[in-house]
Structures are given as C-alpha cells and as structure tokens.
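A.B. asks: Just so we're aligned: the sequence shown equals residues 7 to 107 in our numbering.
The beta-carbon is built from N, C-alpha and C at its ideal position, and this holds for glycine as well.
If you're wondering where the values come from, they're calculated on a predicted model, not measured in any experiment.
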Amino acid sequence: MKLTDALATCGLFSCMNQEHLQRVEPLCNRWTTEDNALLFRQGQPARALYVVEKGRAALELSLRHAEGASLAHPATVATVGPGEAIGWSAVVEPHIMTLSA
Numbered sequence: 007m008k009l010t011d012a013l014a015t016c017g018l019f020s021c022m023n024q025e026h027l028q029r030v031e032p033l034c035n036r037w038t039t040e041d042n043a044l045l046f047r048q049g050q051p052a053r054a055l056y057v058v059e060k061g062r063a064a065l066e067l068s069l070r071h072a073e074g075a076s077l078a079h080p081a082t083v084a085t086v087g088p089g090e091a092i093g094w095s096a097v098v099e100p101h102i103m104t105l106s107a
C-alpha cells in the first residue's frame, strides 16, 4: 500500500485530498516493529505522531501510589488498530507523551 493510501485511512488525514496527502508524505517514515515493542514511553519528549497501518497498539498509563511509588504494571487504557493515530502529544503542547505504547 502506498504511504498516501495508508494516511488516507486515518481519520486524522481522511479529509485531505490526494494533493494534500502528497505534501504530508515527505514528512512521514514507514517502519515495522516487533510484537510488543515499545514505541514511546509516558513522560518522554513527543517527537512523532504514529498512524497504525497493521496490527494493534496498547496505550498504557503508569499509575502511582499516593506516596509516589509506581504500581508494578501500567494500566491499559485503550487499544488501537489500523487507521488510528497515536502519539498526539507530538502536536499538542507541552509535547510530552502522556501514555506509553
């Protein structure tokens, strides 16, 4: 699938015509990850917006006790699949990831 076609399946870009998608395409990179790979971590600087083309990604929130200690396992707050965008923090100030994926 061409990258512009993949972008067109995403709700974020679905209202763009082919000319606009072609302008966005040079800003994009396509890459594949292993199963259960960490794309980004909660609290780190947000440098990229991701569009899921195949597979699924779990969005997780690390929780802390009142004393400040992290719980053993993060809570999965959503699971996204093809055509969905994640990593919105890259386009919204203060550009810090609020979840891990």
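For methionine 103, which residues of its own chain have a beta-carbon under 6 Å away from its beta-carbon, when the five flanking residues on both sides are left out?
C.D. replies: Position 97 of the sequence shown, counted from the first residue, corresponds to residue 103. Counting only Cβ-Cβ distances below 6 Å, and skipping sequence neighbours, we find Phe46, Gln48, Gln50, Ala52, Ser95.
A.B. asks: Would alanine 91 and cysteine 21 qualify as a contact pair, given that the criterion is a beta-carbon distance under 8 Å?
C.D. replies: Within the sequence shown, the letter at position 85 stands for residue 91. Within the sequence shown, the letter at position 15 stands for residue 21. For alanine 91 and cysteine 21, no; Cβs fall outside 8 Å.
A.B. asks: Given this structure, state the Cα-to-Cα distance separating threonine 39 from serine 106, to the nearest angstrom.
C.D. replies: Along the sequence shown, one-based indexing puts residue 39 at 33. Along the sequence shown, one-based indexing puts residue 106 at 100. One C-alpha to the other measures close to 15 Å.
A.B. asks: How about alanine 14 and leucine 27: are their beta carbons less than 8 Å apart?
C.D. replies: Along the sequence shown, one-based indexing puts residue 14 at 8. Along the sequence shown, one-based indexing puts residue 27 at 21. In contact: alanine 14 and leucine 27 (Cβ atoms closer than 8 Å).
A.B. asks: According to DSSP, is valine 30 part of a helix, a strand, or is it coil?
C.D. replies: On the sequence shown, position 24 is the one that residue 30 refers to. Valine 30 falls in the helix class under three-state DSSP.
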